[in-house]
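Visitor:
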Amino acid sequence: SIRQESAVATEQDVSIRYYICSKELEAQTLLEATRSHWGVEVMHWSLDTAFCEDNSRIRADDRAEAFARIRQICLNLLKSETTFKGGIKRKRMNCAMDENYLSKVLESLTGQ
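By the UniProt record's numbering, the letter at position 28 of the sequence shown is numbered 28, and the numbering carries on one by one without gaps.
#1: Roughly how many angstroms separate the alpha carbons of residue 76 and residue 46, rounded to a whole number?
#2: Taking all protein chains shown into account, decide if residue 105 is buried (16 or more other Cβ within 10 angstroms of its Cβ) or exposed.
#3: Just to confirm before moving on: does the CB-CB distance between residue 51 and residue 35 stay below 7 Å?
#4: Starting from the Cα of residue 19, find the closest Cα among 11, 13, 3, 8 and give me that residue.
#5: Just to confirm my understanding: we take residue 57, look at its own chain, exclude 5 residues before and 5 after, and list those with CB closer than 8 Å. What are they?
#6: Let's test the definition: count the other Cβ atoms within 10 Å of the Cβ of residue 81 and tell me whether it reaches 16, buried, or not, exposed.
#7: In whole angstroms, what is the alpha-carbon distance linking residue 89 and residue 74?
#8: What is the DSSP secondary structure of residue 60, reduced to helix, strand or coil?
#9: Please state the DSSP three-state secondary structure of residue 26.
#10: Do residue 61 and residue 54 count as a contact pair if the criterion is CB distance below 7 Å?
#11: If distances are taken between C-alpha atoms only, which option among 68, 101, 69 comes closest to residue 84?
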């Protein structure tokens, strides 16, 4: 189990989370595995909220995996672009509406 204590202003919150694992691991190793897993979950949540990935009807052949990779690349490009202050959805819309902004986002692919 992992016990987490946090304090905000005068309130203190304590939560305990339990994990099931078939291996006996050191606490640090388990912590790293948990954080790594949550990184993957956050990426999938971002893809679903920004690109409606869960609603994709692409299923045939390797197309589903290919489009998933394209969406991941797009997500990384939009996250790395810092001149426009907005979320991923707004950056995506800005790319659709402004060719100059789209060019700026795509510049990072060429390293310029």
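Think of the CB as a built atom: it goes at the ideal place given N, C-alpha and C, for glycine as much as any other residue. Computed from a prediction, not measured in an experiment: that's the story for all the values here.
Guide: This is what the structure holds:
#1: The sequence position of residue 76 within the sequence shown is 76, counting from 1. The sequence position of residue 46 within the sequence shown is 46, counting from 1. Going by the C-alpha atoms only, they are around 10 Å apart.
#2: Here residue 105 corresponds to residue number 105 of the sequence shown, with the count starting at 1. By the neighbour-count rule (16 or more Cβ atoms within 10 Å), residue 105 is buried.
#3: Residue mapping note: residue 51 aligns to position 51 of the sequence shown, counting from 1. Residue mapping note: residue 35 aligns to position 35 of the sequence shown, counting from 1. No, Cβ-Cβ distance for residue 51 and residue 35 is not below 7 Å.
#4: If you number the sequence shown from 1, residue 19 lands on position 19. Measuring from the Cα of residue 19, the nearest candidate turns out to be 3.
#5: Here residue 57 corresponds to residue number 57 of the sequence shown, with the count starting at 1. Same-chain partners within the cutoff: there are none.
#6: What you label residue 81 is simply residue 81 of the sequence shown in a count that begins at 1. With 16 or more other Cβ atoms from the protein chains shown falling within 10 Å of its own Cβ, residue 81 counts as buried.
#7: The residue given as residue 89 occupies position 89 in the sequence shown. The residue given as residue 74 occupies position 74 in the sequence shown. In a straight line, the C-alpha of residue 89 is about 11 Å away from that of residue 74.
#8: Sequence index remark: in the sequence shown, residue 60 carries index 60 (1-based). Note: residue 60 maps to coil in three-state DSSP.
#9: To locate residue 26, count along the sequence shown from 1; it is residue 26. The answer is coil: DSSP assigns residue 26 none of H, G, I, E or B.
#10: By 1-based counting over the sequence shown, the position of residue 54 is 54. By 1-based counting over the sequence shown, the position of residue 61 is 61. Their beta carbons are not under 7 Å apart, which means residue 54 does not touch residue 61 by this criterion.
#11: Counting from 1 along the sequence shown, the entry for residue 84 is found at position 84. Of 68, 101, 69, the residue nearest in Cα terms is 101.
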